[in-house]
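Student: For what it's worth, our numbering labels the leading residue of the sequence shown as 772, then goes sequentially.
We put the beta carbon where it would ideally sit given N, CA and C, even for glycine.
It should be emphasised that the depicted structure is a prediction, and the values quoted were computed from it without experimental measurement.
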Amino acid sequence: QVQLVESGGGLVQPGGSLRLSCAASGSIFKLSAMGWYRQAPGKEREWVATVTSGRVTNYAGSVKGRFTISRDNAKNTVYLQMNSLKPEDTAVYYCNRIATYWSWGQGTQVTVSS
């Protein structure tokens, strides 16, 4: 079973930046399309971005142009660079495989507030 550990969240002012990391155990990571998701208080979890095993990326409209997803297969890690952060980006951020989920990690809290 793959374990996922997210990190890098925190409190940032509007317009600021954060870089999230997600470390995954297991060699299957390299073959898997990975995604970042987020869940704001009182809302359902939503998809944010995808990076395939071939490093093709895709983004939700609300973050396109501001967020960048990437991966380092040598480190079994996927990243989310978040720029021009807005208060509506406040949420717990999770990573997971696309389509067929592994067990969810604990997530990392991102709070955008002045």
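Can you tell me where the beta strand (DSSP E) holding residue 863 begins and where it ends?
Tutor: Here the beta strand (DSSP E) through residue 863 covers 862–868.
Student: Between 807, 797 and 813, which has its C-alpha nearest residue 821's C-alpha?
Tutor: 807
Student: Determine which residues share a DSSP beta bridge with residue 777 and list them.
Tutor: 793
Student: For the candidate residues 782, 877, 773 and 865, whose alpha-carbon lies nearest to that of residue 801?
Tutor: 773
Student: Among residues of its own chain, excluding the 5 on either side of residue 784, which ones have a beta-carbon nearer than 6 Å to its beta-carbon?
Tutor: 885
Student: Flag this pair as touching only if the segment 779–798 and the segment 817–836 have three or more C-beta atom pairs under 8 Å; answer yes or no.
Tutor: Taking a cut-off of 8 Å for Cβ pairs, the segment 779–798 and the segment 817–836 do not touch, as fewer than three such pairs fall below it.
Student: Using alpha carbons as the reference points, say which of 882, 848 and 861 lies closest to residue 805.
Tutor: Minimum Cα distance to residue 805 is reached at 848.
Student: Using the beta-carbon count (16 or more within 10 Å), is residue 826 buried or exposed?
Tutor: exposed
Student: Name the DSSP beta bridge partners of residue 841, please?
Tutor: 850
Student: So, is residue 803 buried or exposed, given that buried needs 16 or more other C-beta atoms within 10 angstroms?
Tutor: buried
Student: If you draw a straight line from the alpha carbon of residue 835 to that of residue 788, how long is it in whole angstroms?
Tutor: 15 Å
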